[in-house]
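First up is the structure itself, then whatever we jot down about it.
Protein chains in written order, with this note's numbering: chain A, 1 to 441; chain B, 442 to 732.
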C-alpha cells in the first residue's frame with residue numbers, strides 16, 4: 001500500500017514537471033510571436049499582473065483605461081491602491097521578504113528611489129526603454145529622467161512631474177495695487193502689506209511641519225544660490241542656505257496662520273482655499289484643490305506665478321514626484337514592461353494628462369489637447385518652470401527621511417525665533433555624518 | 442491504540458493551538474526583535490545585517506531625542522491616566538443611578554471608544570485647527586484667547602491628552618460601573634442609619650471597596666496609553682519640534698522612515714522592559730491594596 005502511494009506520487013511529479021516544461025516553452029514562443037508580429041493576438045493571454053498605485057489622481061485616471069489593455073494583451077491586471085505612507089511601508093516590507101508581487105508599482109523616486117535601488121528591489125529599465133522605437137523615450141523631460149536615475153541606471157519611468165510655484169490671490173493683490181512678485185524681496189514686501197490678522201487674512205502660508213516643509217524650502221535655497229549637498233559635502237550652513245531658511249521660517253512665523261508648525265500641504269492648502277492667506281508656495285500638482293469650487297472658497301480668484309527670484313535667479317524644483325517601477329523579482333518581466341510601456345505611452349499620457357495629471361512627455365505639453373485639462377495660466381508657469389528647474393527637491397540620499405528631519409530642524413528654529421545659525425552648524429555636521437556613512441558602504 | 446494515546450495526551454492536544462499561537466505570534470517576534478537590536482540592518486535584501494554588539498544600546502542611551510521621547514511618553518501617560526481616572530469614576534457614579542433613557546446614554550457614551558482612532562485623529566485635527574477649527578471658535582464664544590493647540594510645542598501634549606481622555610474615559614467608566622454593581626448593600630444601610638452624608642459614603646465606603654477595580658482599570662489603561670500611536674501619528678506625527686514624539690513614535694520613525702532596524706529594535710526592547718517594569722510595579726501595588 002505504502003509503495004503504491006509512492007509510485008503514484010512520482011508518476012504525478014513527472015507529469016507535473018513535464019506539463020510545466022511544456023508551458024514554459026509555450027510561454028516563451030508566445031512572447032517571441034508578440035515581438036515579431038507586433039499585432040499577433042494577445043501575447044500575454046492568461047498572464048496575471050499585480051499593479052500597486054498610490055491614492056493619486058493618476059491611479060484614478062489609469063484604472064478605467066486598463067480593461068482596454070487587458071483586451072489587447074489578454075493579461076489580467078489587478079490594481080491595488082494605498083495612501084502614500086502606507087504604500088512605502090507595504091512595498092518595503094513586501095520587497096524585504098522577497099515577494100514577487102507587486103510586479104509594477106508607483107513610487108516616489110526622490111523619496112524611495114535610492115534606497116530601493118541600493119537594496120536591489122527595482123529592475124533597471126535601460127534595456128527595456130530601447131526595445132520599441134515607437135515608445136520614443138527621448139520625449140521625456142531630462143530633469144524628470146534625472147529624478148528617476150540612480151547611479152547612472154534608470155530605475156523608473158516618470159509619471160507625474162511637478163514644480164514649486166507661487167499661488168496668489170488675484171483679488172487681494174488688485175485691491176492693494178500690488179504687482180505679482182518677481183523676486184523673493186518683492187514677495188516678502190507684498191506679504192507684509194497684505195497681512196491682516198484682524199480680518200483673518202494671513203500674508204503667507206506654506207508647509208510648517210518639519211519633514212514636509214523641506215521640499216518647499218528647497219526652491220528658496222536654490223534661488224539664493226545654495227543647495228543641500230554639493231559634491232558629497234553638506235552645505236546647509238552656508239550664508240545662502242541660512243538666508244533661505246530664515247526667510248522661509250520668518251515668513252511663516254511673522255505672517256503665517258497660527259499653528260503653522262503642524263501644517264503639511266493639506267492643512268496649508270486648506271488655509272489658502274478657505275481664503276485666509278494671500279500667498280502660498282507649494283507644488284503645482286495640487287493646484288486643483290485651489291481652483292475646484294467644491295474644495296475652494298476662492299476658486300475664481302487664484303493666480304499662478306513662477307517661483308520668485310533670489311540672489312541666484314528663480315530656481316524652482318522641477319522633479320518627478322511619482323514614477324512607475326518594476327519589481328526586480330517580478331515573475332514575468334516582459335509582461336510587466338508591456339504594462340509600463342503602455343501606461344507611459346504617448347496615447348495614455350495624453351489621456352491621463354487631460355485629467356490634470358502633469359506628465360513628463362514634452363510632446364504632450366506642446367499639443368492643445370495635452371494642456372486643455374489645466375488652467376492656461378498654470379500651463380505657462382509650468383512650461384517656464386520646467387526650463388529653469390532643478391531636478392531634486394530634497395537632499396538626495398538613501399536615508400531621505402533622516403536627512404529631511406535634519407534640514408527641517410533648521411527651518412523650525414527660524415519659526416520658533418531661535419538661533420538659526422547654531423542649528424544650521426549642528427545640522428550640517430549631522431548631514432555630513434549621514435553622507436559619509438552612506439559613502440562608506 | 443489511537444483512543445488511548447489521545448486520552449493520555451489530552452492536556453497537550455487541547456493546549457497546543459493556544460501554545461503555538463503564543464509562540465509564533467508573540468514570543469518569536471519579541472525574540473527576533475531582541476536579536477536585531479544587536480545588529481545594524483537597513484532592511485536591505487542585498488546587504489545582510491551586521492553584528493554591532495551593544496553599540497545600538499550605547500548610542501540610544503546617549504541620544505537626546507530618545508530621552509526626550511521618554512519624557513514625552515511619561516508626561517502623556519501620566520496626564521491621560523490622571524484625568525481618565527477621575528472622570529471615569531465620576532461618570533461611572535453618575536450613570537450608576539437609575540434614570541430614564543439610561544441605556545441610551547450608556548450606549549452613546551461608549552461611542553468614542555469604538556470609533557476608528559485614525560479617523561478620530563483627523564476629526565480632532567479639524568477641531569484643533571487654530572484658524573477655522575471648532576475649538577477656537579468655542580473659546581472665542583466664551584471670550585477667551587484662541588490657542589495654537591497641536592501647532593505649538595508647548596500645547597501639543599495637553600491637546601493630545603484631551604483626545605485620549607475623550608476617547609478612553611468610557612473604558613474606565615465601564616469597568617468601574619461593573620465594579621459598582623457588585624458592591625454589597627449592607628455598609629450603605631449601616632451608614633444611612635448612622636446618618637452619613639453622600640460624600641462620606643462615597644469617600645469611606647465606595648472608594649475603598651472599589652479600589653481593586655480601579656487599580657485593574659488603571660493597569661489596563663496604563664499599558665495602552667504607554668503604547669499610544671494612532672492618534673499621535675494621525676494628528677502631529679510627533680511634531681512640532683519633536684514635542685509629541687513618544688517612544689512608540691520614535692521607534693516607528695527609526696524603523697520605517699530612517700530604515701535603521703537595529704536602533705528601532707533596541708528602542709522597542711527598552712520600551713518593552715519599561716512597560717513590563719511599570720506593569721509589575723502596578724500589580725505589586727494592587728496586591729498591597731488587596732491585602
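Where a beta carbon is used, it is the ideal one built from N, C-alpha and C, also for glycine. Because the structure is a prediction, the values reported are computed rather than measured.
Among the options, which residue has its Cα nearest to the Cα of residue i?
i: residue 471 of chain B; options: B:586, B:719, B:634, B:714; result: B:714
i: residue 629 of chain B; options: B:676, B:671, B:729, B:643; result: B:643
i: residue 143 of chain A; options: A:316, A:436, A:409; result: A:316
i: residue 529 of chain B; options: B:671, B:620, B:689, B:488; result: B:620
i: residue 42 of chain A; options: A:60, A:76, A:50; result: A:76
i: residue 591 of chain B; options: B:685, B:525, B:606; result: B:685
i: residue 297 of chain A; options: A:104, A:51, A:329, A:171; result: A:171
i: residue 603 of chain B; options: B:710, B:521, B:634, B:692; result: B:521
i: residue 66 of chain A; options: A:351, A:155, A:285, A:364; result: A:351
i: residue 248 of chain A; options: A:101, A:184, A:289, A:396; result: A:184
i: residue 616 of chain B; options: B:466, B:537, B:681; result: B:537
i: residue 345 of chain A; options: A:84, A:61, A:137, A:47; result: A:137
i: residue 397 of chain A; options: A:85, A:147, A:278, A:94; result: A:147
Take the Cβ of residue i as the centre, count every other Cβ of all protein chains shown within 10 Å, and call the residue buried at 16 or more, exposed below.
i: residue 227 of chain A; result: buried
i: residue 108 of chain A; result: buried
i: residue 259 of chain A; result: buried
i: residue 307 of chain A; result: buried
i: residue 276 of chain A; result: buried
i: residue 212 of chain A; result: buried
i: residue 114 of chain A; result: buried
i: residue 456 of chain B; result: exposed
i: residue 203 of chain A; result: buried
i: residue 451 of chain B; result: exposed
i: residue 542 of chain B; result: exposed
i: residue 623 of chain B; result: exposed
i: residue 280 of chain A; result: buried
State the start and end residues of the unbroken alpha helix (DSSP H) segment that holds residue i.
i: residue 567 of chain B; result: 558–569
i: residue 73 of chain A; result: 66–73
i: residue 512 of chain B; result: 505–537
i: residue 457 of chain B; result: 451–463
i: residue 194 of chain A; result: 184–194
i: residue 600 of chain B; result: 597–621
i: residue 352 of chain A; result: 346–354
Just reading off the beta strand (DSSP E) that residue i is part of, what are its end residues?
i: residue 49 of chain A; result: 48–54
i: residue 76 of chain A; result: 76–82
i: residue 165 of chain A; result: 157–169
i: residue 324 of chain A; result: 318–326
i: residue 280 of chain A; result: 277–283
i: residue 338 of chain A; result: No beta strand (DSSP E) contains residue 338 of chain A, which is instead part of the alpha helix (DSSP H) from 333–343.
i: residue 107 of chain A; result: 104–107
i: residue 362 of chain A; result: Segment 362–365 is the alpha helix (DSSP H) holding residue 362 of chain A; no beta strand (DSSP E) there.
i: residue 202 of chain A; result: 202–205
i: residue 305 of chain A; result: 302–306
Within the same chain, show all residues whose beta-carbon is closer than 7 Å to that of residue i, passing over the 5 residues directly before and after it, in chain order.
i: residue 250 of chain A; result: 414
i: residue 338 of chain A; result: 44, 73
i: residue 706 of chain B; result: 474, 477, 478
i: residue 241 of chain A; result: 221, 226, 235, 424
i: residue 141 of chain A; result: 161, 360, 362, 386
i: residue 525 of chain B; result: 606, 609, 610, 613, 662
i: residue 285 of chain A; result: 160, 162, 321, 358
i: residue 341 of chain A; result: 132, 135
Kindly list the residues whose CB is nearer than 8 Å to the CB of residue i, restricted to its own chain and excluding five residues on each side of it in sequence; keep chain order.
i: residue 720 of chain B; result: 660, 663, 664
i: residue 549 of chain B; result: none
i: residue 49 of chain A; result: 75, 76, 77, 78, 103, 104, 332, 335, 336, 339
To which residues of the same chain is residue i closer than 6 Å at the C-beta, ignoring the five residues directly before and after it?
i: residue 726 of chain B; result: none
i: residue 506 of chain B; result: none
i: residue 723 of chain B; result: 660
i: residue 495 of chain B; result: none
Problem set entry | Meets three-Cβ-pair contact criterion under 8 Å: the region 367–377 of chain A and the region 118–133 of chain A | no
Exercise. Touch check for the region 647–656 of chain B and the region 568–575 of chain B: three-plus C-beta pairs under 8 Å?
Worked result: no
Exercise. When the Cβ atoms of the region 47–67 of chain A are set against those of the region 348–363 of chain A, are three or more pairs found closer than 8 Å?
Worked result: yes
Problem set entry | At least 3 beta-carbon pairs within less than 8 Å: the region 126–140 of chain A vs the region 266–279 of chain A | no
For this session: Answer yes if the region 476–496 of chain B comes into contact with the region 702–713 of chain B, meaning at least three C-beta pairs across the two stretches below 8 Å, and no otherwise.
Result: yes
For this session: Inspect the CB distances between the region 423–433 of chain A and the region 396–413 of chain A and report whether three or more fall short of 8 Å.
Result: Taking 8 Å as the limit for Cβ pairs, the verdict is that the region 396–413 of chain A does touch the region 423–433 of chain A.
For this session: Tell me, please, whether the region 672–681 of chain B touches the region 425–441 of chain A by the rule of three or more beta-carbon pairs shorter than 8 Å.
Result: Of all C-beta pairs linking the region 672–681 of chain B to the region 425–441 of chain A, fewer than three are shorter than 8 Å, placing the two stretches out of contact.
Exercise. Any contact of the region 322–329 of chain A with the region 192–199 of chain A, i.e. 3+ C-beta pairs under 8 Å?
Worked result: no
For this session: Decide yes or no for the touch test of the region 61–70 of chain A against the region 281–301 of chain A: beta carbon pairs closer than 8 Å, at least 3 of them.
Result: With a cut-off of 8 Å, the region 281–301 of chain A and the region 61–70 of chain A do not count as touching, because too few Cβ pairs lie within range.
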